[in-house]
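One structure is given below, encoded as structure tokens.
Residue numbers (my numbering): 282 to 567.
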């Protein structure tokens, strides 16, 4: 019998294992990640193409119709997928879990991740952290490097909002490890000394150890009535079981804290930096 020919989209998977990862990373390093996509759309005369990135064969959907298809078919015809580097570095958590388990996690977090919680709990903390940050790192300086300082600010905000961490040395230590982690998050999954992925895995191990200590100390504080169950997301996850009466393990909580620190500061710091740049270019608007 002749095998049925599958209708794959056009494209190339490049070199074995490497695929087109190096070209993709090069475009990112140049600050033009869209260049990688545009070149292939033009080459294949299609907004859908196949390629190989980070050791895995993938299909890229470009344009409004492609985005609409993905967003309207989540958990129907498609499911959320993350590169193997992200899954290995972050571990089991909200973004790497699918199906019923993911629904339960989202439900447990909904109390603290909504507009009401933002206005009730977050704004005051963000203003306080911003005030101290400007006093310590900006005031009196003739010139500052905005992006590293904004990253530190957003990381401080995330640490205080999610885990009530206020110790300056602890925050800066975690921030340094996170910067190493981020450099290996989108890379080739080669776990050999000297590679970005190896350094990221080592940094993740150190971060997770420290977060597990934070989780254990908070559990003790809750048992001794020193901390409040509604203090922050960490207390909430330790205090509240899911609908089946099951509590999250300390490791799973630590993994989710790692995720929140990453998601809560990395993209925000880019947005804030671009906003400051825009304001500096147009001082008349403020």
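For each residue, glycine too, the CB sits at the ideal point set by N, CA and C.
Keep in mind it's a predicted model, so treat the numbers as computed, not measured.
Collapsing the DSSP output to three states places residue 488 in a helix. DSSP, read as helix, strand or coil, puts residue 478 in helix. Residue burial is scored here from C-beta neighbours: residue 559 has fewer than 16 other C-beta atoms within 10 angstroms and is therefore classed as exposed. The C-beta distance from residue 444 to residue 410 rounds to 13 Å, too long to fall under 8 Å, and the pair is not in contact. Per DSSP, reduced to three states, the secondary structure at residue 419 is helical. Taking a contact to require three or more Cβ pairs closer than 8 Å, the region 290-305 and the region 315-334 qualify as touching. Residue 567 has its alpha-carbon roughly 12 Å from the corresponding atom of residue 556.
A check of alpha carbon separations from residue 529 across 475, 383, 441 identifies 383 as the nearest.
If you look at residue 307, you'll find it isn't in any beta strand (DSSP E); it sits in the alpha helix (DSSP H) that goes 302-310. In this structure residue 317 is in contact with residue 304, their Cβ atoms being roughly 6 Å apart against a cut-off of 8 Å.
Rounded to whole angstroms, the separation of the alpha carbons of residue 299 and residue 498 is 43 Å.
Our two residues, residue 325 and residue 351, have alpha carbons roughly 21 Å apart in a direct line. The region 359-377 and the region 531-546 touch, with no fewer than 3 CB-CB distances between them shorter than 8 Å. Contact between residue 503 and residue 516 is confirmed by a C-beta separation of about 6 Å, below the 8 Å threshold. The alpha-carbon separation between residue 311 and residue 548 amounts to approximately 18 Å. According to DSSP, residue 330 shares a beta bridge with 341. Rounded to the nearest whole angstrom, the C-alpha separation of residue 440 and residue 507 is 19 Å. A straight-line Cα-Cα distance of about 19 Å links residue 564 and residue 431. The beta carbon of residue 322 sits closer than 6 Å to those of 328, 343, all from its chain and outside the five residues before and after it, given in chain order. Within the DSSP secondary-structure output, residue 362 pairs in no beta bridge. When the alpha-carbon of residue 414 is set against those of 387, 453, 379, 390, the nearest one is in 453.
Here DSSP, grouped into helix, strand and coil, assigns residue 465 to helix.
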